[in-house]
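Single-structure report; data block below.
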Amino acid sequence: MSLLTSLARLRALDEGIAQPVATVRHCHLSARPMVFIPLKLSGEAAAPLAAMLGTDRERPRLLVVTQPRNRDLRFAWATEVAGALLPYVEAFMNDTETVERRNADPYERALDAPQFIVPNQAGVGFIRLLGRSTRFRRTDGPYPVPESVPLLGRWLTYLAERAAYPGSSLMLSATQELGRHWASGQSGLEDANLAALLGWITTGPSDEAEDPLIWPPAGPATDPGFDAEVLAPAMESESPERITEALRTQLEPTWRLMWQAIDLLAALPEGTSAAQRWEHDRGSFSGMAVHISEGAPPQARRDGAVTAAARLARMERAQATYDVQRAYDDPLVMAEYRLTGEAFAGEVIETVPDNTEGEGRSRKLRPLVVIKTDDPVRLPPGTALGTPQRRGQGAALVEADQGLVTLKITKGMGRGKTPAPGAVPEIGERVCYTSLTDDFQGSAALPESEATPWTHGGPPQEYVPDDDDAQEEWS
31 MSLLTSLARL RALDEGIAQP VATVRHCHLS ARPMVFIPLK LSGEAAAPLA AMLGTDRERP
91 RLLVVTQPRN RDLRFAWATE VAGALLPYVE AFMNDTETVE RRNADPYERA LDAPQFIVPN
151 QAGVGFIRLL GRSTRFRRTD GPYPVPESVP LLGRWLTYLA ERAAYPGSSL MLSATQELGR
211 HWASGQSGLE DANLAALLGW ITTGPSDEAE DPLIWPPAGP ATDPGFDAEV LAPAMESESP
271 ERITEALRTQ LEPTWRLMWQ AIDLLAALPE GTSAAQRWEH DRGSFSGMAV HISEGAPPQA
331 RRDGAVTAAA RLARMERAQA TYDVQRAYDD PLVMAEYRLT GEAFAGEVIE TVPDNTEGEG
391 RSRKLRPLVV IKTDDPVRLP PGTALGTPQR RGQGAALVEA DQGLVTLKIT KGMGRGKTPA
451 PGAVPEIGER VCYTSLTDDF QGSAALPESE ATPWTHGGPP QEYVPDDDDA QEEWS
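Those letters in the sequence shown? Residues 31 to 505, by my numbering.
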């Protein structure tokens, strides 16, 4: 937890309401997201009870497994889920654009992509297990399933993997995204309760938000009291209607909370870099669609050593990129780096726009800018700098002494003998410079090899079935 977030939590506790820790929304939000709320049987890793899902807040769809331990009913439920989710996913494959790439063939990218929103990180984990439980199922031989079931498993596995990819918006956790934008006065563990977190953000903490009778857990696990007093008797009665209504009471409150969370996020202006990250999501989604259409095998159960190392490296690089993008988009995030001395903000008090370096044909335009700042500057001379106000501009620190910082602009001034209009800050202008360089912006955001549309920048490993996979039960 950062220092500013800690201070925001203390202030939230003192004032009795959550405090904003972001000024813009750092995720893409679809105009038609698929809200997916799963429930599972307590004590079972991936035995589904029900799911409420849909893209229309007024028309949720409830799918129930009346006897979760019955194998046939579980896969009948999975077939229903596939019937609801796959058309939504496939609808985005029709409209595409051609993307040109340096040193590589062009590829077709979907103009838009599906977006799934689940209540919490535990919901993402359940979807990952559900994907693994279904993507290896066979459509012939003993215990056959419809072709839609293993296809559903492949897409759920893909979405769960993308949810772990920094900056991706293909599958969002409502509590995680709310927590990135507001700091409550409760612990991080308590923030996983969607009702409690929304209470802090909207009206302040209340006992009602933590009452499972009023706001049941947002899944995937149900409340133990509900299991003992309502669900168990309903299952013993073997009445599908009674079981369905019991589970509806657990899901409908969460359904309302999910749309409230979406409205809160939608009210924030989208950060500048979110659209660029969504382009990479669209490319990844398009590549996965091609991979499936070409008859490629499902994702492997586990990565090999080389693939795992490559994936880790890509995710670490993506995390660093995401952190820098958030800082450039959001002054509140940048304030963290100002505290650590990696960034500084201040007022321009002097400029030398026509300063040059070198002689003759090697002479280069290097305007000087002097900034007065109250921030601690812990950067050595020569440090490369960037600025959110002029993305793509490069500068270098000349010296920093007693609140005065001198820097020279090294790129982003145009090709003339004098700086392009607006390239050099005006005297009196408020600016911010940071050692978090802006190299990730534009087409250089990711290497072209990573812009190729795969789950994490490379095609899934080939899957070779073994005896365990052939006999795998849903457990």
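We treat Cβ as the ideally placed atom computed from N, Cα and C, and that holds for glycine.
Neighbourhood of Ser473 by C-beta, 6 Å cutoff - its chain only, sequence neighbours within 5 removed: Indexing the sequence shown from 1 puts residue 473 at position 443. Low per-residue confidence applies at Ser473: pLDDT is 37, beneath 50, and the placement is therefore not dependable enough to give any value.
Local conformation of Val517 per DSSP, three classes: As displayed, the chain neither begins before 31 nor continues past 505, which places residue 517 out of reach and without an answer.
Alpha carbon of Ser314 to alpha carbon of Glu138, nearest angstrom: Here the question's residue 314 lines up with position 284 in the sequence shown. Here the question's residue 138 lines up with position 108 in the sequence shown. Using only the alpha carbons, I get a separation of about 11 Å.
Among Ser32, Pro63, Asp221, nearest to Asp293 - alpha-carbon criterion: Locating residue 293 in the sequence shown gives position 263, counting from the first residue. Measuring from the Cα of Asp293, the nearest candidate turns out to be Pro63.
Range of the contiguous alpha helix (DSSP H) that encloses Gly183: Position 153 of the sequence shown, counting from 1, holds the residue named residue 183. Segment 178 to 193, the alpha helix (DSSP H) holding Gly183.
Cross-strand partners of Trp212 (DSSP beta bridge): Position 182 of the sequence shown, counted from the first residue, corresponds to residue 212. Answer by DSSP bridge pairing, in chain order: Pro50.
C-alpha distance - Val382 paired with His56, whole-angstrom precision: Your numbering for residue 382 matches position 352 in the sequence shown. Your numbering for residue 56 matches position 26 in the sequence shown. In a straight line, the C-alpha of Val382 is about 36 Å away from that of His56.
Identity of the residues DSSP links to Val148 by a beta bridge: By 1-based counting over the sequence shown, the position of residue 148 is 118. The partner list for Val148 (beta bridge, DSSP) reads Ser203.
Contacting residues, own chain, Cβ-Cβ under 8 Å from Ser178 (five flanking each side not counted): For this step, residue 178 is matched to residue 148 along the sequence shown. If we look at Ser178 and ignore the five residues flanking it on each side, its Cβ neighbours are Thr109, Ala112, Gly113, Leu116.
Cβ neighbours of Ala80 in the same chain (closer than 6 Å, five flanking residues each side left out): Numbered from its first residue, the sequence shown carries residue 80 at position 50. In the same chain as Ala80, and ignoring 5 residues on each side of it, the C-beta atoms closer than 6 Å to its own belong to Leu69, Val94, Leu277, in chain order.
Cβ pair Ser465, Ala414 closer than 8 Å: In the sequence shown, the residue the question calls residue 465 occupies position 435. In the sequence shown, the residue the question calls residue 414 occupies position 384. Against a cut-off of 8 Å, the Cβ pair of Ala414 and Ser465 comes out as a contact.
Continuous beta strand (DSSP E) assignments of at least 3 residues falling wholly in the stretch 375 to 456: If you keep only unbroken beta strand (DSSP E) runs of at least 3 residues inside the stretch 375 to 456, you get 398 to 403, 424 to 431, 434 to 441.
Reference Arg420, options Ala373, Pro250, Met443, closest by Cα: Along the sequence shown, read from residue 1 onward, the residue named residue 420 stands at position 390. Relative to the Cα of Arg420, the nearest Cα in the group Ala373, Pro250, Met443 belongs to Met443.
Ile244, DSSP secondary structure in three states: Position 214 of the sequence shown, counted from the first residue, corresponds to residue 244. Here DSSP, grouped into helix, strand and coil, assigns Ile244 to coil.
Same chain only: Cβ atoms within 6 Å of Phe66, ignoring 5 sequence neighbours per side: As a working mapping, residue 66 is identified with position 36 in the sequence shown. These residues qualify, in order along the chain: Leu83, Phe146, Val148.
Straight-line Cα distance separating Ala61 from Asn150: Position 120 of the sequence shown, counted from the first residue, corresponds to residue 150. Position 31 of the sequence shown, counted from the first residue, corresponds to residue 61. Distance between the alpha carbons of Asn150 and Ala61 is about 20 Å.
N- and C-terminal bounds of the beta strand (DSSP E) containing Gly84: Position 54 of the sequence shown, counted from the start, is the residue given in the question as residue 84. 78 to 84 is the span of the beta strand (DSSP E), which, as asked, contains Gly84.
Minimum C-alpha distance to Val378 - residue among Leu409, Tyr463, Ala450: As a working mapping, residue 378 is identified with position 348 in the sequence shown. Closest by alpha carbon: Tyr463.
Check whether Leu409 and Ala425 have beta carbons under 8 Å apart: For this step, residue 409 is matched to residue 379 along the sequence shown. For this step, residue 425 is matched to residue 395 along the sequence shown. No, the pair does not count as a contact, with Cβ atoms beyond the cut-off.
CA-to-CA distance, Asp257 to Ala225, given in whole angstroms: Along the sequence shown, read from residue 1 onward, the residue named residue 225 stands at position 195. Along the sequence shown, read from residue 1 onward, the residue named residue 257 stands at position 227. Rounded to whole angstroms, the gap between the alpha carbons of Ala225 and Asp257 is 20 Å.
Contact between the stretch 361 to 379 and the stretch 395 to 403 (3+ Cβ pairs under 8 Å): At 8 Å Cβ cutoff, the stretches touch.
Local Cβ density within 10 Å of Ile231, reported as buried at 16 or more and exposed below that: Residue numbering aside, residue 231 sits at position 201 when the sequence shown is read from its first letter. Around the CB of Ile231, 16 or more other CB atoms lie within 10 Å, so the residue is classed as buried.
Boundaries (first-last residue) of the beta strand (DSSP E) holding Thr128: Locating residue 128 in the sequence shown gives position 98, counting from the first residue. Residues 126 to 131.
Contact check, Pro180 vs Arg165, beta carbons under 8 Å: Position 150 of the sequence shown, counted from the start, is the residue given in the question as residue 180. Position 135 of the sequence shown, counted from the start, is the residue given in the question as residue 165. In contact: Pro180 and Arg165 (Cβ atoms closer than 8 Å).
Cutoff 8 Å; reference Lys447; Cβ partners in own chain excluding five residues on either side: To locate residue 447, count along the sequence shown from 1; it is residue 417. In chain order, Leu395 place their CB closer than 8 Å to the CB of Lys447, counting only its own chain and leaving out the 5 sequence neighbours on each side.
For Tyr137, three-class secondary structure by DSSP: In the sequence shown, the residue the question calls residue 137 occupies position 107. DSSP places Tyr137 in strand when its eight states are reduced to three.
Touching by the beta-carbon criterion (3+ pairs, under 8 Å), the stretch 339 to 358 and the stretch 268 to 287: They do not touch, by the three-pair rule.
Pair within 8 Å by beta-carbon distance, Thr53 and Leu362: Taking the first residue of the sequence shown as 1, we reach residue 53 at position 23. Taking the first residue of the sequence shown as 1, we reach residue 362 at position 332. In contact: Thr53 and Leu362 (Cβ atoms closer than 8 Å).
Three or more C-beta pairs below 8 Å linking the stretch 351 to 367 and the stretch 191 to 204: The count of Cβ pairs closer than 8 Å, one atom from the stretch 351 to 367 and one from the stretch 191 to 204, reaches three, so the stretches are in contact.
Residue burial classification, Ile439 (beta-carbon count within 10 angstroms, cutoff 16): Position 409 of the sequence shown, counting from 1, holds the residue named residue 439. Buried: at least 16 other Cβ atoms inside 10 Å.
Secondary structure of Ala251, DSSP reduced to three states: In the sequence shown, the residue the question calls residue 251 occupies position 221. Ala251: strand per DSSP, three-state reduction.
Cβ neighbours of Arg158 in the same chain (closer than 6 Å, five flanking residues each side left out): For this step, residue 158 is matched to residue 128 along the sequence shown. Closer than 6 Å at Cβ, skipping near neighbours: Ala190.
Among Ala319, Leu202, Leu298, nearest to Asp359 - alpha-carbon criterion: Within the sequence shown, the letter at position 329 stands for residue 359. Answer by Cα proximity: Leu298.
Burial state of Leu427 (16 or more Cβ within 10 Å): Here residue 427 is taken as the residue at index 397 of the sequence shown, counted from 1. Around the beta-carbon of Leu427, 16 or more other beta-carbon atoms lie within 10 Å, marking it buried.
Cβ pair Glu456, His58 closer than 8 Å: What you label residue 456 is simply residue 426 of the sequence shown in a count that begins at 1. What you label residue 58 is simply residue 28 of the sequence shown in a count that begins at 1. No, they are not a contact pair.
Bounding residues of the beta strand (DSSP E) (the contiguous stretch that carries Arg91): Along the sequence shown, one-based indexing puts residue 91 at 61. 91 to 94 is the extent of the beta strand (DSSP E) around Arg91.
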